[in-house]
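In this note's numbering, each residue's number is its place in the sequence shown (first place is 1) plus 3.
C-beta atoms are modelled at their ideal positions from N, C-alpha and C, and glycine is treated no differently.
Have a look at the structure below before the remarks.
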Amino acid sequence: MFTPTIEWVNGRIRLIDQTLLPNEFKKIYCDEVSEIWQAIKTLKVRGAPAIGIAAAFGTVLGIWHSTADNYVDFETELKDITDYLSTSRPTAVNLFWALKRMVKVAQENKSLTVPELKERLLAESLDIMSEDQQMSRSIGKYGAGLIENGDNILTHCNAGGLATSDYGTALAVMFSAHEMGKQIHVYADETRPLLQGARLTTWELMRAGIDVTLICDSVAGQVMKEGYIQRVVVGADRIAANGDTANKIGTYMVAVMAQQHGVPFYVAAPTSTVDMSLKNGDQIPIEERGAEEVTEGFGQRTAPEGVKVYSPAFDVTPAHLITSIITEKGVINPPFNVNLKRAFL
Ligand code: MRU
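This is the structure in structure tokens:
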């Protein structure tokens, strides 16, 4: 049931084209590093951990046909490829985390021959993927401990199997609670403009047999006011050292609403999403998307030609609105500036 989002198959990257879901389930191949760059940019593959895995495989794809015959030339090519891939999307730190890890492993193995180095990098990318599978399951297990039988959980965007190797972060909590036999019901925000909640989250939850209701983003406050929601669980694209968390645009509004209504607000993310180099969320780069995603998002114009559009893809939820951060190492509680640091020791 948990289909791999991205795979390495005989020297090619195979991934689920998420832009086609839920109407079509199709796997596509990438044979060139420019194709995986494009797939990340256009959200064929998306979600912070999945972007990291795609970047690692993309690095292998780029270096696979290198004709370098010495380490120095090989590293120059490798850095060109990772620099290029790092321009695909700016917010999810997993992208940069994975690319840095690939360069580091090459540097640590510079005594190997070039063919051996290529195999070593492939092994590293496969490790990144299998570690992600483990992390997702641990997040699910720790997070499910916070869920009570009968809970209604609200989520925003898609932090499911599609956003990771196969099991998710925020949705891992729900999959895991469901597997433990807890009765849960999920409210999924549709997540304008690209509708990851409507297209992907509902699709994943329905496939898993979890009861889900789709709501427009603007309904999130109302369902809390009506007392329907016991918990909010969302994913993250980058968490600063003080716990400020960047996630899909609209998450901040949900967090404010959750505080207003006394609903616990949980962020579920692997520690690879934590960027200890940033003191706070003001330093997180926020991607801006094209106007057409807003004005033609439904395959037809929904706004007048020439209208000005502002479309940040992410927002930052301040740490004081977050109840806990659920990681593969356990549930981290405030004060995050102290407890996140501890988790990295
Ligand atoms: O623009 P997207 O679809 O890549 O944004 C994805 C999100 O905001 C997710 O919530 C986040 O990456 C967590 S994925 C486990």
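* Asked: Exposed or buried, what is V236 when buried is set at 16 or more other beta-carbons lying within 10 Å of its beta-carbon?
  -> buried
- Excluding five sequence neighbours on each side, which residues of the same chain lie with their C-beta closer than 6 angstroms to the C-beta of H68? none
Notebook entry, point to check: Which runs of the beta strand (DSSP E), 3 residues or longer, sit entirely within the segment 105–163?
Noted result: 155–158
Going by the beta-carbon positions, is the gap between N250 and L203 smaller than 8 angstroms?
no
Practice task
Give me the Cα-Cα distance between P273 and G309, rounded to the nearest whole angstrom.
Solution key: 41 angstroms
*For I84 versus I131, is the C-beta distance shorter than 8 angstroms?*
no
Quiz prompt | Within 8 angstroms, strictly: CB atoms of V259 and L324 | solution = yes
_Spatially closest choice to T62 from A51, V96, Y87, A53, by CA coordinates_ = Y87
Looking only at its chain, what residues have a beta carbon closer than 7 angstroms to the beta carbon of I287, apart from the 5 residues adjacent to it on each side? T94, R241, A243, A249, L281, V319
>> I need the DSSP call for W67, collapsed to helix, strand or coil.
In response: coil
task: Apply the 10 Å Cβ neighbour rule to R345 and answer buried if 16 or more other Cβ atoms are within range, or exposed otherwise.
output: exposed
task = Would you mind stating whether E207 and G164 have Cβ atoms separated by less than 8 angstroms?
result = yes
Beta-carbon contacts of R292 that lie in its chain and below 6 angstroms, excluding the five residues immediately before and after
S314, A316
Q. To the nearest whole angstrom, what separates the beta carbons of Y269 and L98, a pair I think is in contact under 8 angstroms?
A. Contact doesn't hold; Cβ gap of about 24 angstroms is too wide.
Q.
Here's a check: name, in chain order, each residue in its chain whose Cβ is nearer than 7 angstroms to the Cβ of E80, leaving out the five neighbours to either side.
A. I66, S69, A71
Q) Any heavy atom of the ligand MRU closer than 7 angstroms to the CB of T167? A) yes
**Request:** On the DSSP bridge assignment, give the partners of N250 in chain order.
**Result:** D318
*asked:* For the beta strand (DSSP E) containing D214, name the first residue and the last one.
replied: 214–218
Can the beta-carbon of T108 be found less than 8 angstroms from the beta-carbon of R123?
First, the residue type needs correcting, since residue 108 is Val and not Thr in the sequence shown. Taking 8 angstroms as the Cβ cut-off, V108 and R123 qualify as a contacting pair.
Residues that DSSP places opposite R292 in a beta bridge:
Beta-bridge pairing links R292 to no other residue.
- V176 and A271: beta carbons closer than 8 angstroms? yes
With contact counted as at least three CB pairs below 8 angstroms, one residue from each stretch, are the segment 37–52 and the segment 5–19 in contact? yes
**Prompt:** Under the three-state reduction of DSSP, which class applies to A239: helix, strand or coil?
**Reply:** coil
In chain order, what residues of the same chain lie with their CB nearer than 6 angstroms to the CB of N152, ignoring the 5 residues before and after it? K185, Q186
Item to check | For K103 and G284, the rounded distance between their alpha carbons | outcome: 21 angstroms
- Coil, strand or helix - H181 by DSSP: helix
- prompt: Which residues in the same chain have their Cβ closer than 6 angstroms to the Cβ of V297, if we skip the five residues on either side of it in sequence?
  reply: P196, V312, S314
Tell me the DSSP secondary structure of E10 in three-state form. strand
**Q.** G50 versus A294, A173, D214, residue with shortest Cα-Cα distance
**A.** A173
**Request:** For K30, write down the residues that DSSP places opposite it in a beta bridge.
**Result:** I19
For P321 and E295, I'd like the C-alpha separation in whole angstroms. 29 angstroms
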